[in-house]
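Residue numbers (my numbering), protein chains in the order written: chain R, 52 to 164; chain D, 2 to 115.
Rendered as structure tokens:
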């Protein structure tokens with residue numbers, strides 16, 4: 052059974068700092084990995100999706116990397132802003148069956164002005 | 002960008018009552034899903050729906066739950082006899098292939114069972 056772990060559980064940084072969020076998964080036979088952002092009491096906003104054959108994806112100040120063999124992904128946020136404050140979720144799809152996602156518990160990020 | 006729409010945004014119900022949560026997905030997608038998130042816990046997979054039938058379900062999705070796509074557009078999750086532990090945020094989601102590839106989640110329905 053796939054397990055997804057995210058470290059740290061919470062992170063507080065001053066505005067402007069670069070930061071890295073970590074995600075690890077136990078079964079390397081994944082189809083894809085997706086990073087989401089969740090604001091309090093809200094839905095999930097897709098940030099980046101990495102196919103199992105890819106090493107990284109970039110969107111603006113965000114860069115996600117994937118090392119499938121070691122079961123790890125990182126989300127790098129450059130020049131953090133207070134508006135980046137949210138919980139960041141990592142989720143993996145095994146590809147078997149119906150491509151459903153297995154989620155980590157998330158990293159709660161606070162960017163201090 | 003097209004959105005997945007869920008209604009209601011918040012529902013309060015008495016224990017033992019039936020509830021129906023609704024989702025309007027974006028059309029022409031492959032898989033539809035229901036997930037739930039109990040406060041402070043992980044987002045958990047409930048069920049996937051493909052070609053108008055259940056494709057896969059988790060152990061959470063017991064006989065109290067059912068899904069339908071009654072009119073080819075709306076996608077519903079029914080909980081027959083709600084329990085206090087069913088209180089959670091319920092998300093509808095879909096999987097898209099092709100030019101716009103990936104998962105899209107709705108904004109969720111917060112279900113409170115009292």
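Each residue gets a CB set at the ideal place from its N, CA and C atoms; glycine is no exception.
Please list the terminal residues of the continuous beta strand (DSSP E) segment that includes residue i.
{"i": "residue 90 of chain D", "result": "89-97"}
{"i": "residue 99 of chain R", "result": "95-102"}
{"i": "residue 103 of chain D", "result": "103-106"}
{"i": "residue 159 of chain R", "result": "158-163"}
{"i": "residue 55 of chain R", "result": "55-58"}
{"i": "residue 53 of chain D", "result": "Residue 53 of chain D -> no beta strand (DSSP E), and no H or E assigned at all."}
{"i": "residue 69 of chain D", "result": "66-69"}
{"i": "residue 12 of chain D", "result": "11-14"}
Going by DSSP, name the residue or residues bridged to residue i.
{"i": "residue 58 of chain D", "result": "D:48"}
{"i": "residue 21 of chain D", "result": "D:79"}
{"i": "residue 69 of chain R", "result": "Beta-bridge pairing links residue 69 of chain R to no other residue."}
{"i": "residue 118 of chain R", "result": "R:123"}
{"i": "residue 128 of chain R", "result": "R:70 and R:113"}
{"i": "residue 105 of chain R", "result": "In DSSP, residue 105 of chain R forms no bridge with anything."}
{"i": "residue 142 of chain R", "result": "R:85 and R:154"}
{"i": "residue 110 of chain D", "result": "D:91"}
Give a yes or no on whether the minimum CB-CB distance between residue i and chain R is below 7 Å.
{"i": "residue 88 of chain D", "result": "no"}
{"i": "residue 46 of chain D", "result": "yes"}
{"i": "residue 35 of chain D", "result": "no"}
{"i": "residue 43 of chain D", "result": "yes"}
{"i": "residue 10 of chain D", "result": "no"}
{"i": "residue 95 of chain D", "result": "no"}
{"i": "residue 91 of chain D", "result": "no"}
{"i": "residue 106 of chain D", "result": "yes"}
{"i": "residue 109 of chain D", "result": "yes"}
{"i": "residue 73 of chain D", "result": "no"}
{"i": "residue 4 of chain D", "result": "no"}
Taking only beta-carbon positions, decide if residue i is within less than 7 Å of chain D.
{"i": "residue 57 of chain R", "result": "no"}
{"i": "residue 67 of chain R", "result": "no"}
{"i": "residue 111 of chain R", "result": "no"}
{"i": "residue 122 of chain R", "result": "no"}
{"i": "residue 97 of chain R", "result": "yes"}
{"i": "residue 139 of chain R", "result": "no"}
{"i": "residue 148 of chain R", "result": "yes"}
Between residue i and residue j, how many whole angstroms is the CB-CB distance? I'm expecting something under 8 Å.
{"i": "residue 44 of chain D", "j": "residue 68 of chain D", "result": "Residue 44 of chain D to residue 68 of chain D, Cβ: 17 Å. No contact."}
{"i": "residue 103 of chain D", "j": "residue 100 of chain R", "result": "4 Å"}
{"i": "residue 80 of chain D", "j": "residue 65 of chain D", "result": "6 Å"}
{"i": "residue 83 of chain D", "j": "residue 14 of chain D", "result": "6 Å"}
{"i": "residue 88 of chain R", "j": "residue 98 of chain R", "result": "6 Å"}
Between residue i and chain A, is the shortest Cβ-Cβ distance under 7 Å, so that the two count as touching?
{"i": "residue 69 of chain D", "result": "Although the question refers to chain A, the structure presented lacks it and instead comprises the protein chains R and D."}
Using a threshold of 6 Å, is the CB atom of residue i nearer than that to any non-hydrogen atom of the ligand PLP?
{"i": "residue 25 of chain D", "result": "Of the ligands one can find in the structure shown there are none, so the ligand PLP has no counterpart to examine."}
>> For the structure I just gave you, are there three or more beta carbon pairs, one from the stretch 9-24 of chain D and one from the stretch 74-93 of chain R, closer than 8 Å?
In response: Taking a contact to require three or more Cβ pairs closer than 8 Å, the stretch 9-24 of chain D and the stretch 74-93 of chain R do not qualify as touching.
> Are three or more beta carbon pairs between the stretch 79-88 of chain R and the stretch 115-129 of chain R nearer than 8 Å?
Replying inline: Short answer: they touch.
> So, do the stretch 129-136 of chain R and the stretch 103-110 of chain R have three or more beta carbon pairs nearer to each other than 8 Å?
Replying inline: As far as the Cβ criterion goes, the stretch 129-136 of chain R does not touch the stretch 103-110 of chain R, which means the pair count is below three.
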